[in-house]
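Numbering (my numbering), first residue to last: 1482 to 1794.
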Amino acid sequence: MTLDRAARVLVAGSTGLVGSAVIRRLERVGFQDVVGIHSADADLTDTAATRSVFERLRPNVVVDAAARVGGIAANHAEPVEFLNDNLLIQTNLFTAAHAVGVHRLLFLGSSCIYPRDAAQPIKEDALLTGPLESTNDAYAIAKLAGLVAVQSYRRRYGHRWISAMPTNVYGPGDNFHPTRSHVLPALVRRFYEAARDDAEEVVVWGTGTPRREFIHSDDLGAACVHLLDHYDAAEPVNVGVGTDVSIAELAELVAEAAGFRGRIVWDRSKPDGTPRKLLDVSRLAGTGWKPRFGLAEGIRDTVEWFASSATRL
Ligand code: GFB
């Protein structure tokens, strides 16, 4: 079942947080022909451009880690772009992969595809059993369409394509934009700058009560390569760490790692989003994989990376 290490693996979204982690992992476990593509190589929302990249590279295996992504504010502000771009990217990748005979493909979805009020921890069969969270329903529908597309290619053409549904991912090389980023990198930047400037307080969005699960990008990269070697079924696989923290606990962890000792102030005018989205990871554990990073260690790793590159960002 394990993949031939001489296979040509194409990773779409190669400069992103997840794509770059997958590439590092593939090379570490002996893949000799790993090719990354990103928006500078081809506009993956363009069908012809995507097809010509696949005709030129002729990969054997594809990892789809390319997407328009962002935190709660970006998703809430730009639903059309999140829906359209992600539908176009995945559709173009799938049709090009099928056209050149790619039999092994891993599609990366997201934990936000589950119903807002799904029983916790969330099992994969909770899909489509209830309404979505409104702050990211456009992105979620696009990712649900991608999951159904992968299942359809399996059924129609017999392709050994699979889907993973990762929880919130973080790590070095993330998007640390002050307003468009996800919560963990947003707080890393904000607490780092507050500690640097000896600020008295840091404003954090919402009430602090929602809970989130976080997986380090290196763990996610390792899980993706593990699934390519060991998983082959139509059902999606949740990829997470099995524990979650409140946003308030997260803020304390990041403040500690950044050396900030001032006051945390909550801006309740900002949305909380989904109350909780802890994934049930027993299907993944059943394949023999478990995460390596603890959250406090992972946050320190990310703060150190951000501090060392803050002059460049
Ligand atoms: O990572 P995040 O933006 O998105 O986390 P989701 C949002 C939660 O963190 C909300 C709180 O409860 C926010 O109120 N928060 C506190 C902050 N301070 C901040 C801050 O400065 N920035 C941000 N961004 N949040 C995402 C989806 O949902 O989950 C994506 O929007 C994707 O599409 C991702 O699916 C996995 O975790 O709520």
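Here a beta-carbon is modelled for each residue, glycine too, at the ideal position from N, C-alpha and C.
Remember, it's a predicted structure, so these values are computed and weren't measured experimentally.
Here the region 1662 to 1681 does not lie against the region 1702 to 1713, with fewer than 3 beta-carbon pairs under 8 angstroms apart.
Between the ligand GFB and the CB of residue 1520, the shortest heavy atom gap is not smaller than 6 angstroms.
If you check the CB distance, residue 1553 and residue 1754 come in under 7 angstroms.
Along the length of the region 1724 to 1789, whole beta strand (DSSP E) runs at least 3 residues long occupy 1744 to 1748, reported in chain order. Just measuring C-alpha positions, the residue of 1613, 1585 and 1634 sitting nearest residue 1483 is 1585. In this structure, DSSP gives residue 1703 a helical state, which the three-state scheme calls helix. The C-beta of residue 1766 has fewer than 16 other C-beta atoms within 10 Å across all chains shown, which makes the residue exposed. Taking C-beta atoms as the reference points, residue 1702 and residue 1502 count as a pair closer than 7 angstroms. Residue pairing for residue 1646: DSSP places it in a beta bridge opposite 1719. Your pair residue 1500 and residue 1651 does not check out as a contact, with CB atoms roughly 15 angstroms apart and the cut at 8 angstroms. The ligand GFB has no heavy atom closer than 6 angstroms to the beta-carbon of residue 1651. In terms of Cβ geometry, residue 1655 and residue 1666 form a close pair [threshold 7 angstroms]. The nearest non-hydrogen atom of the ligand GFB is 6 angstroms or more from the C-beta of residue 1630. For residue 1556, the distance from the CB to the nearest heavy atom of the ligand GFB is below 6 angstroms. Within the region 1509 to 1589, complete beta strand (DSSP E) segments of at least 3 residues are found at 1514 to 1518, 1542 to 1545 and 1585 to 1589, given in chain order. Cβ-Cβ distances below 7 angstroms link residue 1581 to 1535, 1536 and 1539 in the same chain, with the five nearest sequence neighbours on each side left out; the list follows chain order. Annotated three-state conformation of residue 1489 is strand, per DSSP.
A distance below 8 angstroms between beta-carbons, with the five flanking residues on each side excluded, links residue 1699 to the following residues of its chain, in chain order: 1502, 1505, 1506, 1652, 1773 and 1774.
By the Cβ test, the region 1607 to 1617 is not in contact with the region 1727 to 1741, since fewer than three Cβ pairs between them sit closer than 8 angstroms. Rounded to whole angstroms, the separation of the alpha carbons of residue 1589 and residue 1493 is 11 angstroms. Shortest gap from the CB of residue 1620 to any heavy atom of the ligand GFB: under 6 angstroms. Contact between residue 1693 and residue 1683 is absent: CB atoms are separated by about 18 angstroms, not below the 8 angstroms threshold.
Closest in alpha carbon position to residue 1486, among 1495, 1756 and 1510, is 1510. For secondary structure counted as the beta strand (DSSP E) over 3 or more consecutive residues, the region 1610 to 1675 holds these complete runs in sequence order: 1641 to 1647 and 1649 to 1651.
Checking the 6 angstroms criterion, the Cβ of residue 1704 is out of range of every heavy atom belonging to the ligand GFB. The DSSP-derived three-state label of residue 1682 is strand. With respect to residue 1525, residue 1547 sits close: the two C-beta atoms are nearer than 7 angstroms.
Counting only the Cα atoms, residue 1648 lies some 11 angstroms from residue 1757. Counting along the chain, residue 1696 sits inside the beta strand (DSSP E) bounded by residues 1695 to 1697.
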